[in-house]
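Colleague: Protein chains in written order, with the working numbering: chain A, 76 to 236; chain B, 27 to 292.
Glycine included, each C-beta is placed from N, C-alpha and C at the ideal position.
Bear in mind the structure is a predicted one, so any value in this text is a computation, not a measurement.
Dropping a structure here in structure tokens format, bear with me for questions.
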Amino acid sequence: MSTVKLTVNGKAVSVDVEDRTLLVHLLRENLNLTGTHVGCDTSQCGACVVHVDGRAVKSCTMLAGQAAGSNVTTIEGLAKGDELHPMQAAFRDNHGLQCGYCTPGMIMSAVDIVHRHGGKLDEETVRHELEGNICRCTGYHNIVKAVLDAAGRMKVAQAAE
Amino acid sequence: MYETNYHRASSIDDAVAQFAKGTDSKFLSGGQTLLPVMKQRLAAPSDVIDVAKIKDMIGIDVSGDTVTIKAATTHYDVAQSDAVQKAIPALANLASMIGDPAVRHRGTIGGSLANNDPAADYPAAVLALGAVVKTNKRSIAAEDFFKGLFSTALEDGEIITQVSFPVPAKAGYAKFPNPASRFALTGVFVAKTKSGDVRVVATGASQSGVMRVAPIEQALKANWAASALDAVTIPASGLLADIHGSADYRANLVKVMGQRAVTAAG
């Protein structure tokens, strides 16, 4: 057992876990942040994507101990109170989900893609960069539409700040 | 995953000392291969020594004709590096094709080389460019480093600290990725050194890991052009065969990826 101290969605937390605990299990089972999903558990599907120190990572392929001292953002940390993050709003408006299982990971990856590419995002780049996130319902079309829509909204929001 | 003890090393010396304390220790860097293998219970190290946050193990330096990448530098940082893109664009391009964005944010060059997966990308660049792998004990030439499937010249407790690539005259990489894992079904790295030597390496193809491809090297030495490979035949003996592709299919892929790599190199 070890004590892992990290910051999750802006809050400092300290959790006692077995050393073999994966970050996704610390989030879901110790912190009850069940928005982050476990899909394939083999680092291919992307349902478990969260941000660690500002970068999208697969939380099923990282030990909790590796995240000690880091700043973690999960899907629960995106909205400001009742106001959805522009990426969440765009997924809703563009019908970018059906069953919703992959959606938290899709959204965390998508926010990371927009952060990295800024205003230079096109459809081809979005499709290419979402290759680590698998959806079995929608066929990706509306997901890609949502990401491009959100990229525009996030640019506007940034300009307004 | 079986139980294990996690240690975060503060320096290279600390990592080596912590490694020696465990009964069956493993170094952990990005963990993009080791952790999946531990989850499948195919590996059960008593201790994992995390080297990913050691400051002396992270960074990229380009000086003169050498690109040096420290071992815990992530694929993302190599792919994004202006200095690497300028000095050896094929290397930055290769790093940008590993796995997916989330994998590239964690995976490191040292981890990839120490693991030596037969379908990994970096070993192809290291062998084709004639890089030197530096460890806490010695420098190892690329020719002497790779020893077949998942095995290398590294001794128990020896840790890769950095890799130095000589800047080539020309280089290119092309791969046919497995659509799910993004590992190379076959990838080919072609390089022409500044002294005019040609080195061509295929990954994902051979049963014994990364391999030089003599027929393509000879053809390109005579004529550096994709069309020079039209008449080349790659023997299928010793190549991998699985549900994704037969040995004959991979033999043809070596040639086709070789042609695309030459086109990419210009």
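#1: Taking the continuous alpha helix (DSSP H) assigned at Tyr102 of chain B, which residues delimit it?
#2: Considering only their Cβ atoms, is the gap separating Gly121 of chain A from Lys133 of chain A smaller than 8 Å?
#3: Leaving out the 5 sequence neighbours to the left and right, which residues in its chain are closer than 7 Å to Gly180 of chain A when beta-carbon positions are compared?
#4: At what residues does the alpha helix (DSSP H) containing Gln44 of chain B begin and finish?
#5: Entirely within the stretch 138 to 206 of chain A and at least 3 residues each: give me those beta strand (DSSP E) ranges in chain order.
#6: Can you tell which of B:Phe172, B:Ser177, B:Leu153 has its C-alpha closest to the C-alpha of Arg225 of chain B?
#7: Just how far apart, CA to CA, sit Ser77 of chain A and His33 of chain B?
#8: Of all Cβ atoms in chain B, is any one closer than 8 Å to the Cβ of Thr82 of chain A?
#9: Helix, strand or coil: which one does DSSP assign to Lys163 of chain B?
#10: Can you pull the DSSP bridge partners for Thr213 of chain A?
#11: So, with DSSP's three-state summary, where would you put Lys65 of chain B?
#12: Assuming Lys7 of chain B and Glu184 of chain B form a contact by the criterion Cβ under 8 Å, report the distance between their Cβ atoms to the nearest whole angstrom.
#13: Who are His126 of chain A's beta bridge partners in DSSP?
#14: Quick check: the Cα distance between Cys210 of chain A and Cys177 of chain A, rounded to an integer number of angstroms?
#15: Tell me whether the stretch 174 to 182 of chain B and the stretch 135 to 146 of chain B touch, counting them as touching only if at least three CB pairs, one residue from each stretch, are closer than 8 Å.
#16: Here's the rule: buried if 16 or more other CB atoms are within 10 angstroms of the residue's CB, otherwise exposed. What is Leu68 of chain B?
#17: Please check if any C-beta of chain A sits within less than 8 Å of the C-beta of Ser51 of chain B.
#18: Counting pairs of Cβ atoms below 8 Å between the stretch 158 to 177 of chain A and the stretch 84 to 95 of chain B, do you hit three or more?
#19: List the endpoints of the continuous alpha helix (DSSP H) containing Thr289 of chain B.
#20: Put Ala140 of chain B into one of helix, strand or coil per three-state DSSP.
#21: State yes or no: is the C-beta of Ile95 of chain B within less than 8 Å of the C-beta of Ile135 of chain B?
#22: Apart from the five residues on each side of it in sequence, which residues of its chain come closer than 6 Å, Cβ to Cβ, to Tyr102 of chain B?
#23: Give me the Cβ distance between Ala262 of chain B and Ala277 of chain B, rounded to the nearest whole Å; I'm assuming they're in contact under 8 Å.
#24: For Ala131 of chain A and Phe45 of chain B, what's the separation of their Cα atoms in angstroms?
#25: What span of residues does the alpha helix (DSSP H) with Gln244 of chain B cover, start to end?
#26: Which class does Ser177 of chain B belong to by DSSP, given the choice of helix, strand or coil?
#27: Less than 6 Å between C-beta atoms, sequence neighbours within five positions excluded: which residues of the same chain meet that for Val189 of chain A?
#28: I'd like to know whether the C-beta of Tyr32 of chain B is nearer than 8 Å to at least one C-beta of chain A.
#29: Please list the segments of the beta strand (DSSP E) lying wholly inside the stretch 176 to 214 of chain B, counting only runs of 3 or more residues, in order along the chain.
#30: Going by DSSP in three states, Met123 of chain B sits in which element: helix, strand or coil?
#31: Name, going along the chain, the residues of the stretch 109 to 134 of chain B whose beta-carbon falls closer than 8 Å to a beta-carbon of chain A.
#32: Going straight from the alpha carbon of Ala195 of chain B to that of Tyr148 of chain B, what length do you get?
#33: Please say whether Val216 of chain B and Val158 of chain B have beta carbons closer to each other than 8 Å?
#34: For Pro71 of chain B and chain A, any beta-carbon pair shorter than 8 Å?
#35: Helix, strand or coil for Ile305 of chain B per DSSP?
#36: Quick check: is the beta carbon of Thr136 of chain A nearer than 8 Å to any beta carbon in chain B?
Modeller: On the basis of the coordinates in this document:
#1: For Tyr102 of chain B, the uninterrupted alpha helix (DSSP H) run begins and ends at 101 to 106, by DSSP.
#2: For Lys133 of chain A and Gly121 of chain A, yes; Cβs fall inside 8 Å.
#3: Cβ neighbours of Gly180 of chain A beyond the five flanking positions: His112, Gly121, Ala122, Cys123, Val124, Asn208.
#4: 38 to 47
#5: For the stretch 138 to 206 of chain A, whole beta strand (DSSP E) runs of length 3 or above, ordered along the chain, are 146 to 148.
#6: B:Leu153
#7: 10 Å
#8: no
#9: coil
#10: Paired residue(s): none; Thr213 of chain A is not in a bridge.
#11: helix
#12: Nothing can be reported for residue 7 of chain B: it is not among the residues displayed for chain B, which extend from 27 to 292.
#13: A:Ala131, A:Thr148
#14: When rounded, the distance between both Cα atoms is 6 Å.
#15: These segments touch.
#16: exposed
#17: no
#18: no
#19: 273 to 291
#20: helix
#21: yes
#22: Arg130, His131
#23: 4 Å
#24: Ala131 of chain A and Phe45 of chain B: Cα-Cα distance of roughly 29 Å.
#25: 240 to 248
#26: Judged by DSSP in its simplified three-state form, Ser177 of chain B adopts coil rather than helix or strand.
#27: Excluding positions up to five away in sequence, the list reads Ala226, Met229.
#28: yes
#29: Qualifying beta strand (DSSP E) stretches, in chain order: 186 to 192, 196 to 203.
#30: coil
#31: Answer in chain order: Gly125, Asp126, Pro127, Ala128, Val129, His131, Arg132.
#32: If you draw a straight line from the Cα of Ala195 of chain B to the Cα of Tyr148 of chain B, it comes to about 19 Å.
#33: no
#34: no
#35: With chain B covering only 27 through 292, there is no way to say anything about residue 305 of chain B.
#36: yes
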